[in-house]
Amino acid sequence: MSQHTLSVLVNNHPGLLSKVSGLFSRRSFNIDSLAVGICEIPDCSRMTIVVNGDEAMVDQVIKQLDKLIDVIEIEHLPVQNSVFREMVLAKVAVEANQRTELLQIAEIFRAKIVDVSLHHITLELTGQADKISGFLNLLEDFKILRIVRTGTIAVPRFEEI
Amino acid sequence: MQVSGAQAMVQALEQAGVTTIFGYPGAAIAPFYDALVDSNMRHVLTRNEQGAAHAASGYARARQVTGVCVVTSGPGATNVITGIATAYMDSIPLVIISGQVMTDLIGSDSFQEVDITGATSPFTKHNYLVKSAQDLPRIFQEAFYLASTGRPGPVLIDVPQDIQMAIFEYEKPEAVHLPGYRLITEANPEQLLAVKAQLEQAKAPIICVGGGVLSSNATQELMQLAQSCQIPVVTTMMGISAIPFDHPLYLGTLGSHGIFAANYALNKADLVMLVGARVGNRAMGSAQEIARRAQIVHIDIDPAEIGKNIKPHTAIVADAKSALAGLLALNPQTDTSEWVATVTAIKADHQLPDKPAAASATIYPPTLMRILGELAGPDAIVTTEVGQNQIWAANHYPFRKPHTFITSGGMGTMGYGLPSSLGAKVGCPELPVIAVSGDGSFQMSLQELGTVKQEKAAVKFVLLNNSRLGMVHEIQSIRYKRYSQVFLEENPDFEKLAAAYGFGYSKIHSNDQIEAAVRIMLDTPGPYLLECQIDPHEPTLYPVRKEEKG
Ligand SMILES: Cc1ncc(C[n+]2csc(CCOP(=O)(O)OP(=O)(O)O)c2C)c(N)n1
Ligand SMILES: [Mg+2]
Chain A
0 MSQHTLSVLV NNHPGLLSKV SGLFSRRSFN IDSLAVGICE IPDCSRMTIV
50 VNGDEAMVDQ VIKQLDKLID VIEIEHLPVQ NSVFREMVLA KVAVEANQRT
100 ELLQIAEIFR AKIVDVSLHH ITLELTGQAD KISGFLNLLE DFKILRIVRT
150 GTIAVPRFEE I
Chain B
0 MQVSGAQAMV QALEQAGVTT IFGYPGAAIA PFYDALVDSN MRHVLTRNEQ
50 GAAHAASGYA RARQVTGVCV VTSGPGATNV ITGIATAYMD SIPLVIISGQ
100 VMTDLIGSDS FQEVDITGAT SPFTKHNYLV KSAQDLPRIF QEAFYLASTG
150 RPGPVLIDVP QDIQMAIFEY EKPEAVHLPG YRLITEANPE QLLAVKAQLE
200 QAKAPIICVG GGVLSSNATQ ELMQLAQSCQ IPVVTTMMGI SAIPFDHPLY
250 LGTLGSHGIF AANYALNKAD LVMLVGARVG NRAMGSAQEI ARRAQIVHID
300 IDPAEIGKNI KPHTAIVADA KSALAGLLAL NPQTDTSEWV ATVTAIKADH
350 QLPDKPAAAS ATIYPPTLMR ILGELAGPDA IVTTEVGQNQ IWAANHYPFR
400 KPHTFITSGG MGTMGYGLPS SLGAKVGCPE LPVIAVSGDG SFQMSLQELG
450 TVKQEKAAVK FVLLNNSRLG MVHEIQSIRY KRYSQVFLEE NPDFEKLAAA
500 YGFGYSKIHS NDQIEAAVRI MLDTPGPYLL ECQIDPHEPT LYPVRKEEKG
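As they're listed, the protein sequences go chains A and B. Going by numbering that gives the first Met the number 0, the first residue of the first sequence is number 0, and it counts up by one from there. Going by numbering that gives the first Met the number 0, the first residue of the second sequence is number 0, and it counts up by one from there.
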């Protein structure tokens with residue numbers, strides 16, 4: 000079992016997200032994350048899907064996705080040669096005595112402060128999934144009010160010719 | 000030209016070459032039904048929407064065209080679901096048109112609203128919810144293209160009522176452009192060479208034929224390859240009729256309810272060439288085990304079938320016809336004489352049980368099937384229900400020509416045989432159509448007898464009456480040693496039932512009555528019900544033989 004990232008170009012079609020997610024659940028494919036948004040091609044969206052499974056399962060995921068008429072193109076992104084990013088928003092309760100510590104952690108990870116009040120801070124961090132996890136681990140000492148993650152998006156690197 | 004959406008729908012069907020549709024009206028599809036009045040297309044009014052889908056499927060399979068059925072929104076749409084799923088599992092080309100509530104009511108749980116595109120997406124090849132009348136010509140064209148090309152399957156078009164009523168300027172759609180739909184039909188020459196090499200090394204090869212060989216019309220190529228390379232052939236339930244039952248190289252149907260020689264060959268082969276077969280668990284048992292023993296060659300038009308249930312050593316994604324013709328052209332040199340001698344001997348040693356047509360207390364189904372086939376002739380189309388009746392027809396009816404066997408293979412849908420026989424007869428009025436039925440399944444689409452009557456479809460119903468759900472009864476007796484909810488003690492008086500519809504009728508219980516009764520049935524014009532008394536303990540699972548025990 001390992002993680003595989005698929006970049007999937009699809010027609011921008013209201014029913015499509017449910018077709019894709021339905022496909023994963025009825026064929027018992029393990030999906031770690033799915034992120035979707037419009038892209039450079041008009042009327043199309045690009046999905047980044049992270050699945051967990053062995054080679055045979057990923058092969059089936061790709062083929063079954065490819066059978067959907069609204070799926071135009073699927074790329075299995077190489078781990079070494081792609082850029083992976085995820086964003087997290089963490090809303091943390093902090094009293095005055097914890098503030099400095101939290102800001103230091105934010106600094107180390109280059110997290111941004113996007114909202115602040117007397118008793119809480121919301122931090123934004125973008126990075127690879129492992130960086131996000133490391134960041135969230137350090138936040139465990141604080142009282143976390145809410146964590147929101149986008150799921151991974153990814154793009155292959157330029158090939159040097 | 001200004002047209003209404005409904006007129007455009009009718010026109011699109013006509014342009015697709017459709018001459019007959021099956022359906023059931025209702026408010027949300029009313030504009031379409033009104034436009035239909037001005038068309039020459041034949042509409043068969045079934046008695047339940049499920050029957051419309053099954054009939055369209057029988058029609059499609061008998062005529063080898065795309066079947067069409069039309070239903071209203073809500074309950075009409077949900078009733079058709081079983082028919083769609085049945086067609087999907089057997090890869091039958093259907094276009095299903097459903098009416099939908101007005102666009103501005105969608106999502107408000109309005110009267111007779113149901114999300115049918117959501118509900119059917121797991122078992123349609125594709126589906127559409129039409130957003131604008133302008134899209135109708137394009138969507139219809141795409142739907143027929145998708146349903147009938149590649150691996151065929153059902154496509155549903157959900158059309159809101161206001162879109163059927165909208166007036167718009169009709170424009171002929173451009174050629175189908177579907178960038179997300181890649182069709183690979185031609186076999187790759189390198190892969191063909193690889194398969195040739197494998198075939199030439201094999202000492203004990205078999206060809207396992209699925210429904211794909213029939214849907215791609217590859218039966219000639221199949222027989223030529225089998226003959227020229229001397230490779231024995233087995234079929235799945237869906238592959239039956241791809242090769243004549245008495246072909247010297249044909250061993251029979253695979254599976255727990257299949258033929259001994261076929262299963263023997265699958266278990267002993269050193270190369271299994273799957274053609275248009277999806278390696279279903281009912282046919283193949285443990286696919287992994289087979290792959291450990293034998294080289295697997297998998298030919299299928301659907302790339303997703305490759306590696307799904309069995310990991311092949313060589314695979315060809317192509318139309319079965321192109322792949323088999325390509326292999327044939329390479330003229331593989333094989334020596335299989337010992338193997339062919341072995342399996343032919345096994346086949347001869349395990350001849351199917353048959354009984355002389357002598358006096359008896361009940362009808363012996365294998366004998367009935369043989370006589371039916373002899374008298375109905377090679378062109379007759381046979382549909383079945385599900386249960387023991389299906390197994391007897393599959394194993395014992397002498398199929399000689401392709402596309403003469405119509406059954407629900409993948410779903411095993413009871414209630415399929417009666418309406419599909421109607422569809423087959425409507426599609427091929429010149430051919431005899433026999434509907435082999437069980438007393439349980441027959442009553443699951445019983446209302447369609449009304450459609451048979453209205454359409455004057457001269458279907459010959461052969462009802463195997465064992466007053467129970469025979470197949471479940473048999474499994475319960477073997478596995479559970481007691482029975483639960485399988486008895487149909489209060490079956491109707493089938494003679495009166497036939498009379499109510501004005502059908503011919505007779506009942507037989509002894510094997511020496513079969514021939515005369517079948518002749519009368521076939522010679523009597525119009526629909527006919529032949530009720531056959533079957534021993535309720537007649538098995539379809541024969542005791543395991545000593546060779547099988549090993
Ligand atoms: C719609 C549906 N419901 C239930 C079943 C399960 N099932 C399979 S065979 C069978 C019995 C069929 O009885 P009958 O039609 O009388 O055929 P027989 O086996 O007696 O020949 C049943 C209930 C099914 N295949 N389809
Ligand atoms: Mg029965």
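All residues carry an ideal CB built from backbone N, CA and C; glycine is no exception.
| Check | Outcome |
| --- | --- |
| Assign SER107/B to buried or exposed, taking buried as 16 or more other Cβ atoms, counted over all protein chains shown, within 10 Å of its Cβ. | exposed |
| Within the chosen definition, does the region 385–400 of chain B reach the region 13–29 of chain B through at least 3 CB pairs nearer than 8 Å? | no |
| At the 8 Å Cβ level, is SER90/B part of the contact set with chain C, yes or no? | Given the protein chain composition of this structure (A and B), no chain C is represented. |
| Does any C-beta atom of chain A lie closer than 8 Å to the C-beta of TYR180/B? | yes |
| Applying the criterion that 16 or more other CB atoms from any shown protein chain within 10 Å of the CB defines a buried residue, is ALA276/B buried or exposed? | buried |
| Sorted by chain position, which residues of the same chain lie with C-beta nearer than 6 Å to ARG544/B's C-beta, five sequence neighbours on each side aside? | Below a pLDDT of 50, predicted positions are generally treated as unreliable, and ARG544/B, at 43, falls in that range; no measurement from the model is reported. |
| Kindly indicate the opening and closing residues of the alpha helix (DSSP H) around PRO74/B. | 74–78 |
| By how many angstroms is the C-alpha of ASP31/A removed from the C-alpha of MET0/A? | 12 Å |
| With the cut-off set at 8 Å, would you say LEU5/A and ILE48/A are in Cβ contact? | yes |
| Only counting the same chain, and skipping five residues up and downstream in sequence, which positions put a Cβ closer than 6 Å to that of GLY449/B? | ARG46 |
| Kindly indicate which three-state DSSP category PHE167/B falls into: helix, strand or coil? | strand |
| Can you give the Cα-Cα distance for SER440/B and MET410/B, rounded to whole angstroms? | 14 Å |
| Contact defined as beta carbons within less than 8 Å: I believe LEU421/B pairs with VAL381/B. What is the distance between those atoms, to the nearest angstrom? | Not quite, the Cβ-Cβ distance comes to about 14 Å (not below 8 Å), so this is no contact. |
| When the Cβ atoms of the region 219–237 of chain B are set against those of the region 347–355 of chain B, are three or more pairs found closer than 8 Å? | no |
| Is there contact here, the region 110–120 of chain B with the region 159–172 of chain B, by at least three beta-carbon pairs under 8 Å? | no |
| Over the uninterrupted beta strand (DSSP E) stretch that includes VAL316/B, give me the two end residues. | 313–316 |
| Can you tell me where the beta strand (DSSP E) with HIS53/B in it begins and where it stops? | Per DSSP, HIS53/B belongs to no beta strand (DSSP E); it is in the alpha helix (DSSP H), 48–62. |
| For VAL64/B and ALA34/B, which I take to be in contact (beta-carbon distance under 8 Å), what is that distance rounded to the nearest angstrom? | Wrong, their Cβ atoms sit about 22 Å apart, outside the cutoff. |
| In or out: GLY408/B buried (at least 16 other Cβ within 10 Å) or exposed? | buried |
| When you compare only the Cα positions, how much space is there between GLN229/B and ASP378/B? | 27 Å |
| Near TYR249/B, which residues of its chain fall below 6 Å by C-beta distance, leaving aside the five closest residues on each side in sequence? | VAL232 and ILE242 |
| Whose Cβ in chain A lies nearer than 7 Å to the Cβ of HIS125/B? | ILE68 |
| Is the separation between the beta-carbon of SER2/A and that of ASN51/A shorter than 8 Å? | It is Gln, not Ser, that sits at residue 2/A in the sequence shown. Yes, Cβ-Cβ distance for GLN2/A and ASN51/A is below 8 Å. |
| If we count Cβ pairs, one from each stretch, closer than 8 Å, do we get three or more for the region 251–258 of chain B versus the region 361–377 of chain B? | no |
| Can you tell which of GLU373/B, ALA356/B and ASN394/B has the C-alpha that lies nearest to the C-alpha of ASN510/B? | ALA356/B |
| Just how far apart, CA to CA, sit TYR396/B and PRO535/B? | 20 Å |
| Alpha carbon to alpha carbon, what distance is there between LEU445/B and LEU487/B? | 15 Å |
| Helix, strand or coil for ASN464/B per DSSP? | strand |
| Taking beta-carbon pairs under 9 Å, can you tell me which members of the region 6–32 of chain A lie near chain B? | LEU8, VAL9, ASN10, PRO13, GLY14, SER17, LYS18, GLY21, LEU22 and ARG25 |
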